[in-house]
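Peer 1:
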């Protein structure tokens, strides 16, 4: 089973690349995110690999980091999400944003990917909600960059949920509203009034814009 490849980039396509490893060319499918940061033809690259073996085919899927690979495998556990759809989802949103989208039950974030309709998007956020609740939310390092996964859960019901709904009604995306209200709830405490949560959230959203 191939778990990692290190070699020279021989070709980069829209959805895959060929990696030359000591004269053998391996066709590796990847997200647009991984392909965009892969480098140029002739450069060396190391990719984490998930190998899918079928009776008549062996397919390799490559990832720039462990977090993206983990999300690929997590998405593939959802009924109706195959490897192609999982890569399409990872092409539209990086892993840290997917974490927030599931926590916020933001179906629209997944519907942007090719092959994901409303029913499948609903199934994804529903089936993965309990799984992502168990994940470590410590900052993750990708190369030299550090990603802070600010995904503290908004309490079910109460003022926080009302604040999220209010921001969505104002035109903000559900994931953005969820993240802003999470920040506000952490800063102000769970006893904060609805008006305080909304005001604090709007300030952080305006800064983000």
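In this note's numbering, the protein residues as written are 49 to 257. For each residue, glycine too, the CB sits at the ideal point set by N, CA and C.
What does the Cβ neighbour count give for residue 156, buried or exposed, with the cut at 16 atoms within 10 Å?
Peer 2: Along the chain shown, one-based indexing puts residue 156 at 108. Burial call: exposed.
Peer 1: Taking the continuous beta strand (DSSP E) assigned at residue 135, which residues delimit it?
Peer 2: Translated into the one-based positions of the chain shown, residue 135 becomes position 87. Careful: residue 135 lies outside any beta strand (DSSP E), inside the alpha helix (DSSP H) at 131-140.
Peer 1: Is there at least one Cβ from chain C nearer than 9 Å to residue 110's Cβ?
Peer 2: Among the chains of the structure shown, chain C does not appear; only one protein chain is present.
Peer 1: So, are the CB atoms of residue 66 and residue 91 less than 9 Å apart?
Peer 2: As a position in the chain shown, residue 66 is number 18, starting the count at 1. As a position in the chain shown, residue 91 is number 43, starting the count at 1. No.
Peer 1: Here's a check: name, in chain order, each residue in its chain whose Cβ is nearer than 8 Å to the Cβ of residue 55, leaving out the five neighbours to either side.
Peer 2: Looking up residue 55 in the chain shown gives position 7. So the list reads 67, 68, 69, 70, 74, 92, 93, once near-sequence residues are dropped.
Peer 1: Starting from the Cα of residue 152, find the closest Cα among 50, 61, 226, 252 and give me that residue.
Peer 2: Numbered from 1 along the chain shown, position 104 holds the residue referred to as residue 152. Nearest C-alpha to residue 152: 226.
Peer 1: Nearest to residue 213 by CA position, among 236, 242, 235, 141, is which residue?
Peer 2: On the chain shown, residue 213 is found 165 positions in, with the first residue counted as 1. If we check each option's Cα against that of residue 213, 242 comes out closest.
Peer 1: Please classify residue 89: is it buried, with 16 or more other beta-carbons within 10 angstroms of its beta-carbon, or exposed?
Peer 2: For this step, residue 89 is matched to residue 41 along the chain shown. So residue 89 ends up on the exposed side.
Peer 1: Identify every run of the alpha helix (DSSP H) within the segment 105-180, keeping only runs that are complete inside it and at least 4 residues long; order them along the chain.
Peer 2: The segment 105-180 contains these whole alpha helix (DSSP H) runs: 114-123, 131-140, 143-151, 155-159.
Peer 1: Assuming residue 253 contacts residue 220 (C-beta within less than 8 Å), just tell me the rounded distance between them.
Peer 2: The residue given as residue 253 occupies position 205 in the chain shown. The residue given as residue 220 occupies position 172 in the chain shown. Correct: roughly 6 Å between the Cβ atoms.
Peer 1: May I ask which residues mark the beginning and end of the beta strand (DSSP E) holding residue 77?
Peer 2: Position 29 of the chain shown, counted from the start, is the residue given in the question as residue 77. 72-77 is the extent of the beta strand (DSSP E) around residue 77.
Peer 1: Going straight from the alpha carbon of residue 165 to that of residue 60, what length do you get?
Peer 2: Position 117 of the chain shown holds residue 165. Position 12 of the chain shown holds residue 60. Going by the C-alpha atoms only, they are around 29 Å apart.
Peer 1: Could you pull the DSSP bridge partners for residue 210 from this structure?
Peer 2: Sequence index remark: in the chain shown, residue 210 carries index 162 (1-based). Assignment of beta-bridge partners to residue 210 by DSSP yields no partner.
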